[in-house]
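Right, one structure below, let's go through it.
Protein chains: 2
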Amino acid sequence: MKRINNPTSPSAEAIATALTEAVHEHRVLPGMKLSEDEVGEIFGVSRTVVRQALRTLGHEGLLTIERNRGAFVAKPSTKEAREVFEARALLEPQTARSAAERTTPKDIEILRRHIEEEHAAVAAGKSGLALKLSGEFHIEIARIANQQTIETFIRQLVSRSSLVIALYWRRRNALCESHAHHALLKALGEQDSDTAEQLMKGHLLDLVSQLDLSPQPDEPHSLRDALLA
Amino acid sequence: MKRINNPTSPSAEAIATALTEAVHEHRVLPGMKLSEDEVGEIFGVSRTVVRQALRTLGHEGLLTIERNRGAFVAKPSTKEAREVFEARALLEPQTARSAAERTTPKDIEILRRHIEEEHAAVAAGKSGLALKLSGEFHIEIARIANQQTIETFIRQLVSRSSLVIALYWRRRNALCESHAHHALLKALGEQDSDTAEQLMKGHLLDLVSQLDLSPQPDEPHSLRDALLA
DNA sequence: GAGGCAAAATTCGTATACAATCTTTGGCGA
DNA sequence: TCGCCAAAGATTGTATACGAATTTTGCCTC
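Next comes the structure, spelled out in structure tokens:
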């Protein structure tokens, strides 16, 4: 399957993006195996390129790569889940504060549309899409804060939060239609950095409180559970 | 050069570690090109493995990978340099606080030896080694805090700090024999979390103050400079 | 029929071949 | 002599081949 200079064959980056989106939208769930051959055939590239993409996602913590066994969508333990939100609690409130100090009307417009899309997704019952958009809202704030380094970290943390939510969210069907993003938008628009920081802090605490991280962190066997249920 | 199951041929991870150390010790400086063939020949593996290692370091921000051009040791701009230390300022003080709350005598012993090695390196004039050890001290604190996620971030930030120091440190020859690590050790040993947090905060500010981030961030041409000097 | 072992099939790891791109160099013309 | 263009050389990008490890499957024994 040699395809020289063929623009229809996506690059490693494109594959990584596609896989990331699939995970963010919960169309691919924690524990699922991503076979190199299978992914390669789907995207029409050789394993060489697929491996690049998989390793990229591995570095971001989205996949767990086991030698001679393959790449699996990561299944963060409850400890990891807590760590992810602890890290976000350290980074994001201050980032929201910085963002508030430099938000432009153009940024506000971008965020407003973002929230609109989120609402539309929720209304259409596309909870996966809604979740992905919700995460991107946080990344957008890091972008406004003009902190590329921290943005990269937050991007990773949001990614892994998707996995955490897939595993530990309390009420699967409940719409997480919170007012938090609206409130943040307002604070940013008013350049109210104190409020922005506090809102972000509270928002993250709210998210954690919606997780069920108490019981046993190690799932026994998914197949067993499925058949015994 | 096929070497099947040959234990003398290092894995991608081993190569990545070796390269990372070389950069941390300033034996490989920002801007230097890492040719795949060259690195492969040095370590006795094919380009396949080298490329893996280089991409790993690329994801950590230690290398800049330009398509069809190769991998170069990253040259952080002054903005990036500031961002790195701003991120550290968000993560490390709180991490030092957490570490203080759970430091064991064994940890203290490890840190004490670490500082000893640092002193020995400084005394022996091995400034590169001293710098590497100094960075590892910070990572060790994150380990004690039992925060793997944050430890990974700090590891990246310390890495990139090495590059920043290579580029922007004011007094090249001056020994940075600060008392900061000693003081931190003492606070950790006494489980004094408030002091540990404050010391770490101050330590990071001290480091930044030793950098010259004001002038033009873009160097013109190294060869030109060398020949006109 | 259950357990264990061995062979087959699948999948990953690495080396290598070749294509594509970039860089350098040589030559040509103004 | 300077500048530009083309060809040669060097380096990276991707596909593929084959070895190694794992997983599965089938068979044999108890």
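In order, the protein sequence lines correspond to chains B and P. Sequential numbering of the first sequence, starting at 1, is according to my numbering. Sequential numbering of the second sequence, starting at 230, is according to my numbering. Quick reminder that beta carbons are idealized off the backbone N, C-alpha and C, glycines included.
How is the beta strand (DSSP E) around T64/B delimited, first residue to last?
-> If you number the first sequence from 1, residue 64/B lands on position 64. Boundaries of the beta strand (DSSP E) harbouring T64/B: 63-66, taken from the DSSP string.
What does G58/B pair with, by DSSP beta-bridge criteria?
-> In the first sequence, the residue the question calls residue 58/B occupies position 58. BP columns for G58/B are empty, so no partner.
What residues of chain B sit near L319/P, judged by a beta carbon separation below 8 Å?
-> Counting from 1 along the second sequence, the entry for residue 319/P is found at position 90. Listed along the chain, the chain B residues whose CB falls inside 8 Å of the CB of L319/P are L90, L91, Q94, I150.
Secondary structure of K335/P, DSSP reduced to three states = Within the second sequence, numbered from 1, the residue matching residue 335/P stands at position 106. Per DSSP, reduced to three states, the secondary structure at K335/P is helical.
Three-state secondary structure (DSSP) at G269/P?
-> Counting from one through the second sequence, the residue named residue 269/P turns up at place 40. In the structure shown, the three-state DSSP call for G269/P is helix.
Can you give, in chain order, each stretch of the beta strand (DSSP E) that sits fully within the region 92-161 of chain B and has at least 3 residues?
-> For secondary structure counted as the beta strand (DSSP E) over 3 or more consecutive residues, the region 92-161 of chain B holds no complete run.
Return yes when the C-beta of A374/P is under 7 Å from any heavy atom of the ligand GTP, and no when it is not.
-> Only the bare structure without any ligand can be found here, which leaves the ligand GTP out of the picture.
For R55/B, which residues from the same chain have a beta carbon less than 8 Å from its beta carbon, with the 5 sequence-adjacent residues on both sides left out?
-> Working through the first sequence from its first residue, we reach residue 55/B at position 55. Answer for R55/B: I65, listed in chain order.
Looking only at C-alpha atoms, which of E380/P, G260/P, R296/P, A300/P sits nearest to V268/P?
-> Locating residue 268/P in the second sequence gives position 39, where the first residue counts as 1. The option with the nearest alpha carbon to V268/P is A300/P.
Chain B contact residues for T285/P, given Cβ-Cβ distances below 9 Å | Taking the first residue of the second sequence as position 1, residue 285/P is located at position 56. Those are R55, H59, listed as they occur along chain B.
Tell me whether the beta-carbon of H253/P lies closer than 8 Å to the beta-carbon of G364/P.
-> Sequence index remark: in the second sequence, residue 253/P carries index 24 (1-based). Sequence index remark: in the second sequence, residue 364/P carries index 135 (1-based). Yes, Cβ-Cβ distance for H253/P and G364/P is below 8 Å.
If you follow the beta strand (DSSP E) that G299/P is part of, which residue opens it and which one closes it?
-> Walking along the second sequence from the start, residue 299/P turns up at place 70. 299-302 is the extent of the beta strand (DSSP E) around G299/P.
Would you tell me roughly how many angstroms separate the C-alpha atoms of L131/B and V45/B, rounded to the nearest one?
-> Mapped onto the first sequence, residue 131/B falls at position 131. Mapped onto the first sequence, residue 45/B falls at position 45. About 29 Å.
Going by DSSP, name the residue or residues bridged to K186/B.
-> For this step, residue 186/B is matched to residue 186 along the first sequence. None; K186/B has no bridge partner.
Answer yes or no: do A196/B and R97/B have a C-beta to C-beta separation smaller than 8 Å?
-> Taking the first residue of the first sequence as 1, we reach residue 196/B at position 196. Taking the first residue of the first sequence as 1, we reach residue 97/B at position 97. Against a cut-off of 8 Å, the Cβ pair of R97/B and A196/B comes out as a contact.
Excluding the five sequence neighbours on either side, which residues of its own chain have a C-beta within less than 6 Å of the C-beta of A87/B, listed in chain order?
-> Here residue 87/B corresponds to residue number 87 of the first sequence, with the count starting at 1. Shown here for A87/B: same chain residues with a beta carbon closer than 6 Å to its own, the five before and five after excluded, namely L157 in chain order.
Listed in chain order, which residues of the region 138-171 of chain B have Cβ atoms closer than 7 Å to some Cβ of chain P?
-> Result list: Q147, Q148, T149, I150, F153.
In three-state DSSP terms, what is L211/B?
-> Here residue 211/B corresponds to residue number 211 of the first sequence, with the count starting at 1. In the three-state DSSP reduction, L211/B falls in the strand class (E or B).
Which word fits A120/B, buried or exposed, when buried means at least 16 other C-beta atoms lie within 10 angstroms of its C-beta?
-> The residue you call residue 120/B lines up with position 120 of the first sequence. The Cβ neighbour count for A120/B, taken over all protein chains shown within 10 Å, is under 16; the residue is labelled exposed.
Hey, could you find the ends of the alpha helix (DSSP H) L248/P is sitting in?
-> Locating residue 248/P in the second sequence gives position 19, counting from the first residue. Per DSSP, L248/P belongs to the alpha helix (DSSP H) from 241-253.
Within the 8 Å Cβ cut-off, does V84/B reach chain P?
-> Counted from its first residue, the first sequence places residue 84/B at position 84. Answer yes: the Cβ-Cβ gap between V84/B and chain P drops below 8 Å somewhere.
Report the option in I383/P, V437/P, T378/P, A318/P whose CA atom is closest to the CA atom of K79/B.
-> Along the first sequence, read from residue 1 onward, the residue named residue 79/B stands at position 79. It is T378/P.
Whole angstroms is fine: what's the gap from E41/B's alpha carbon to T104/B's?
-> Taking the first sequence and counting its residues from 1, the one referred to as residue 41/B is at position 41. Taking the first sequence and counting its residues from 1, the one referred to as residue 104/B is at position 104. Taking the straight line joining both Cα atoms gives about 44 Å.
Three-state secondary structure assigned by DSSP to L205/B = Counting from 1 along the first sequence, the entry for residue 205/B is found at position 205. The answer is helix: DSSP assigns L205/B an H, G or I state.
Using alpha carbons as the reference points, say which of A12/B, A74/B, G61/B lies closest to T48/B.
-> In the first sequence, counting from the first residue as 1, residue 48/B sits at position 48. Answer by Cα proximity: A12/B.
Euclidean distance between Cα positions of E190/B and L91/B | The residue labelled residue 190/B in the question sits at position 190 within the first sequence. The residue labelled residue 91/B in the question sits at position 91 within the first sequence. Roughly 21 Å between the two C-alpha positions.
Pick from S438/P, R399/P, H367/P, Y397/P: whose alpha carbon is nearest that of L417/P?
-> Translated into positions along the second sequence, residue 417/P becomes position 188. It is H367/P whose Cα lies nearest to the Cα of L417/P.
Name, going along the chain, the residues of the region 24-53 of chain B whose beta-carbon falls closer than 8 Å to a beta-carbon of chain P.
-> Those residues of the region 24-53 of chain B that come within reach of chain P (Cβ to Cβ, closer than 8 Å) are Q52.
Write down the C-beta distance between A74/B and L129/B rounded to the nearest angstrom, noting that I regard them as a contact closer than 8 Å.
-> Translated into positions along the first sequence, residue 74/B becomes position 74. Translated into positions along the first sequence, residue 129/B becomes position 129. That pair is no contact at about 21 Å.
Taking D336/P as the reference, which of L258/P, A247/P, L362/P, I370/P has the closest Cα?
-> Residue mapping note: residue 336/P aligns to position 107 of the second sequence, counting from 1. Nearest of L258/P, A247/P, L362/P, I370/P to D336/P, Cα basis: I370/P.
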